[in-house]
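Asks: In this note's numbering, the protein residues as written are 4 to 491.
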Amino acid sequence: MAKEITPRSQDYSQWYLDIVRKAGLADNSAVRGCMVIKPYGFAIWEKMQQVLDSEFKRTNHVNAYFPLFIPKSFLSREAQHVEGFAKECAVVTHHRLKADPSGNGLIVDPDAKLEEELIVRPTSETIIWNTYKDWIQSYRDLPVLINQWANVVRWEMRTRPFLRTAEFLWQEGHTAHATREEAIAEARMIHDIYADFAENWMGMPVIKGIKTENERFAGAEDTYTIEALMQDGKSLQAGTSHFLGQNFAKAFDVTFLNDSNTQEHVWATSWGVSTRLIGGLIMTHSDDEGLVLPPKLAPLQVVIIPVPKPDAEINEVAEKLKKELESKGISVKYDTDEKSRPGFKYAEYEMKGVPVRVAIGKRDLEKGHAEVARRDTREKNFIPLEGLGAQIETLLDEIQNNLLLKSLRFRQENTHRADDIDTLKSIVDGRGGFVSAHWDGTVETELKIKEMTKATIRCIPLDQKAEEGKCVLTGNPSKGRVVFAKAY
RNA sequence: CGGGAUGUAGCGCAGCCCGGUAGCGCACCUGUUUUGGGAACAGGGGGUCCCAGGUUCGAAUCCUGGUAUCCCGACCA
C-alpha cells in the first residue's frame with residue numbers, strides 16, 4: 004500500500020502534488036512559483052528533449068540561443084503580443100547592489116538604474132525577429148528554421164509544479180518563410196510532430212485542432228494545438244504551433260527580395276512544448292500507488308531486486324540479466340542496497356513508476372524462474388530465466404501500448420455530445436471530459452459559455468466533420484462541432 | 001490583485017488561549033536481532049520557534065509592524 008499518497012478520489016490536486024513530491028520529480032524552491040526539478044524529473048525531461056530534438060533536426064531545424072533579456076520597447080512592437088504578455092513579466096530595472104547604509108544586507112543601488120528596462124523573456128518572438136531582420140535580405144536566405152531550448156518566465160498568480168510555474172523550460176521554434184503556404188505547412192508539420200510524440204512516446208492521446216480567436220496565441224493568425232484529457236476530466240493544452248502570418252515581420256520590419264525583385268514581408272511560425280508535458284504525463288497514467296511511466300520515457304525501465312538481499316548466486320543471475328537487457332538498449336538497475344528490504348523497494352519503485360520489476364530469490368532460482376511485475380497493471384508472473392530478457396523486452400512494448408490504449412479508452416468514455424447548454428453544463432459540472440457541441444463562431448458566445456460553465460473551447464478539431472447544427476447557447480447556425488472542456 | 005489561513009528539526013505536526021529550561025511521529029546516525037510486500041528493539045545527533053521592534057525579571061507563547069507560503073476567487077502554457 005502506498006501509505007503517503009492521497010488517493011485521487013479524495014483530492015485530485017493533492018494526489019498530483021504527492022506524486023510530484025514522493026516520486027522525486029520536483030521540490031518547491033525558495034522562490035515563489037519556481038520549482039527545483041530533481042534529477043529523476045529532469046531525466047524524464049532529458050528523454051523528451053532527445054526525442055523532440057532529433058525530430059526537429061530530422062526536419063531540417065537547427066538549434067541556436069538568444070538572450071534571456073528583452074528590451075522593454077521590443078515587447079510593445081506587436082500590439083496583440085504586448086497585450087497578451089505584459090501582465091506577467093518580470094522586469095530588470097537595475098544592474099547593481101550595494102551595502103545598505105542603514106544597517107546590514109544589500110539594497111538596489113539607485114545609481115545603477117538601467118536606461119531601458121529589460122524584460123525576462125516570457126517568449127522570444129520579439130528578440131528573435133529583431134535579429135532575423137539582419138539575417139534575412141533575399142529569398143535565398145529563406146527559410147530560417149531555428150529552435151532554441153531555453154527557460155522563460157511568466158509571472159503567474161497561481162502555480163503548480165510542471166503544469167504552471169513562474170519559470171519553465173521549453174523549446175521554442177521560430178521560423179521564417181517566403182510564402183504564406185510554406186509557413187502554414189511548417190506550423191502544421193510541427194503540430195503533427197507534437198501529436199505523434201504525445202501519442203507514441205508519452206502514450207497520451209491528443210485532439211489536434213485550431214484555437215478560437217479568443218484562445219489563440221497573442222500575435223498569431225492561427226494557433227494549432229494538441230489537447231489531452233486528464234484523469235480528472237480537465238483538458239491540458241500540451242503543445243502549440245502558431246502560424247504568425249506577417250505580424251512579426253511587419254512589427255520588426257523583416258523583408259526580403261523575392262525572385263522577381265520585389266520587397267515582401269516574411270511569413271513566420273513559432274511553436275513550443277514545455278516541462279508542462281511532464282505534468283501531462285503524470286496525470287495521464289499515474290495511479291494511487293504513484294507514478295506510472297511509459298517505458299519509452301522512463302529514465303529507468305527495469306529494476307532487479309534480490310530477495311531478500313544480494314548473495315553470490317542471486318548476483319550472478321541478476322548481473323547476467325542486467326547485461327542481457329542492457330545489450331538490448333534497456334536501462335536497468337540491480338538494487339543491491341541491503342539497508343532496505345524487498346517490500347520497501349517494491350513500494351519505492353512503484354512510487355517512481357519503473358515499468359518492470361524483477362524479483363529474484365533463492366526459491367526462484369531453484370525453480371529456474373523470476374517474479375516479473377509490471378507497473379501499469381500491477382500484475383505479477385513467474386517467468387523462466389531462460390529467455391527472460393526477450394520476454395521483458397516484449398513486455399516493455401506491451402506496457403507502452405497498453406498505456407496508450409487505456410488512455411484512449413478513458414478519453415472515449417469521457418467524451419460526450421451536448422446539444423443544449425444545460426447538457427453541456429451538467430457534463431462539465433459532473434465528471435468533466437470533452438464535450439462536443441455546436442457553436443456559432445463568435446467570441447461573445449464563447450465567453451458567455453465560459454462564464455456559465457467554466458468550460459472553454461479547447462479547439463476546433465482538424466478532423467471536424469461538416470455537420471449542420473445550432474449553437475448550444477444562441478441557436479444560431481453552426482457548421483460543425485467544437486470541443487469544450489475545463490482547462491488547466 | 002481581492003477573501004481566508006498558516007509560518008516551531010529534512011518532512012508532518014503539538015505546544016500558544018493561561019509567559020517559566022522546546023516536544024511528538026516519520027526520516028537520519030550507531031548497535032543487535034531480522035529479512036518472499038513499506039522490520040523490531042536499544043541508544044544517539046539535529047532548532048536564529050519566519051523577521052524586526054515592543055511589554056516583562058523572563059517571550060515559541062502577549063502587542064505592533066513587516067515578510068513568506070498555502071487555500072478559495074479573478075488572470076494564465
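All C-beta atoms in this analysis are idealised placements derived from N, C-alpha and C, irrespective of residue type, glycine included.
Any chance you could list the alpha helix (DSSP H) runs of at least 4 consecutive residues sitting entirely within the segment 267-297, in chain order?
Replies: The qualifying runs are 279-288.
Asks: What number of angstroms, rounded off, separates the C-alpha of residue 174 from the C-alpha of residue 458?
Replies: By one-based count along the first sequence, residue 174 stands at place 171. By one-based count along the first sequence, residue 458 stands at place 455. Roughly 28 Å separates the two Cα atoms.
Asks: Could you check the C-alpha separation between residue 442 and residue 249 for me, to the nearest Å?
Replies: As a position in the first sequence, residue 442 is number 439, starting the count at 1. As a position in the first sequence, residue 249 is number 246, starting the count at 1. Each residue's alpha carbon lies about 29 Å from the other.
Asks: Beta carbon of residue 255, beta carbon of residue 80: below 8 Å?
Replies: Here the question's residue 255 lines up with position 252 in the first sequence. Here the question's residue 80 lines up with position 77 in the first sequence. Cβ atoms of residue 255 and residue 80: closer than 8 Å.
Asks: Is it true that the CB of residue 450 sits closer than 8 Å to the CB of residue 440?
Replies: Position 437 of the first sequence, counted from the first residue, corresponds to residue 440. Position 447 of the first sequence, counted from the first residue, corresponds to residue 450. Not in contact: residue 440 and residue 450 (Cβ atoms no closer than 8 Å).
Asks: Considering only C-alpha positions, which residue in the set 392, 365, 290 is nearest to residue 328?
Replies: Numbered from 1 along the first sequence, position 325 holds the residue referred to as residue 328. That would be 392, whose Cα lies nearest to the Cα of residue 328.
Asks: So what's residue 365 in DSSP terms, helix, strand or just coil?
Replies: Working through the first sequence from its first residue, we reach residue 365 at position 362. Note: residue 365 maps to helix in three-state DSSP.
Asks: Count the other CB atoms within 10 Å of the CB of residue 4; is the residue buried (16 or more) or exposed (fewer)?
Replies: Numbered from its first residue, the first sequence carries residue 4 at position 1. Here residue 4 scores only 32 on pLDDT, less than 50, and its place in the model should not be relied on; the value that follows carries that caveat. Flag for residue 4 reads exposed.
Asks: Given a cut-off of 8 Å on the beta-carbon distance, is the pair residue 206 and residue 398 in contact?
Replies: Taking the first residue of the first sequence as 1, we reach residue 206 at position 203. Taking the first residue of the first sequence as 1, we reach residue 398 at position 395. No. Outside cutoff.
Asks: Taking only three categories from DSSP, how would you classify residue 400?
Replies: For the purposes of this step, residue 400 is taken as the residue at position 397 of the first sequence. DSSP places residue 400 in helix when its eight states are reduced to three.
Asks: Curious, which full-length beta strand (DSSP E) runs of at least 3 residues does the segment 193-239 contain?
Replies: Listed in chain order, they are 210-213, 225-232.
Asks: Rounding to the nearest angstrom, what Cα-Cα distance links residue 421 and residue 368 in this structure?
Replies: Residue 421 sits at position 418 when you count from the first residue of the first sequence. Residue 368 sits at position 365 when you count from the first residue of the first sequence. Near 58 Å, if we compare the C-alpha coordinates of residue 368 and residue 421.
Asks: Output the distance between the C-alpha atoms of residue 52 and residue 40, rounded to the nearest integer angstrom.
Replies: As a position in the first sequence, residue 52 is number 49, starting the count at 1. As a position in the first sequence, residue 40 is number 37, starting the count at 1. Computed Cα separation, rounded: 15 Å.
Asks: Would you identify the three-state DSSP class for residue 249, choosing helix, strand or coil?
Replies: Taking the first residue of the first sequence as 1, we reach residue 249 at position 246. Three-state DSSP puts residue 249 in coil, outside helix and strand.
Asks: Could you pull out every unbroken beta strand (DSSP E) segment of at least 3 residues lying fully inside the segment 66-142, listed in chain order?
Replies: For the segment 66-142, whole beta strand (DSSP E) runs of length 3 or above, ordered along the chain, are 72-74, 94-97, 100-102, 109-111, 116-123.
Asks: When you compare the segment 358-373 with the segment 297-316, are there three or more beta-carbon pairs, one atom per stretch, that lie closer than 8 Å?
Replies: At 8 Å Cβ cutoff, the stretches touch.
Asks: Helix, strand or coil for residue 4 per DSSP?
Replies: Position 1 of the first sequence holds residue 4. Only weak support is given to the placement of residue 4: the predicted model assigns it a pLDDT of 32, under 50, and the value that follows is read from those uncertain coordinates. If DSSP states are grouped into helix, strand and coil, residue 4 belongs with coil.
Asks: CA-CA distance, residue 414 and residue 148?
Replies: By 1-based counting over the first sequence, the position of residue 414 is 411. By 1-based counting over the first sequence, the position of residue 148 is 145. If you take the alpha carbons of residue 414 and residue 148, they lie about 35 Å apart.
Asks: Does the segment 269-285 touch the segment 156-170, meaning 3 or more C-beta pairs lie closer than 8 Å?
Replies: Short answer: they touch.
Asks: To the nearest angstrom, how far is the alpha carbon of residue 359 from that of residue 227?
Replies: Here residue 359 corresponds to residue number 356 of the first sequence, with the count starting at 1. Here residue 227 corresponds to residue number 224 of the first sequence, with the count starting at 1. The alpha-carbon atoms of residue 359 and residue 227 are separated by roughly 36 Å.
Asks: What are the start and end residues of each continuous alpha helix (DSSP H) run of 4 or more residues lying completely inside the segment 441-490, in chain order?
Replies: Listed in chain order, they are 446-456.
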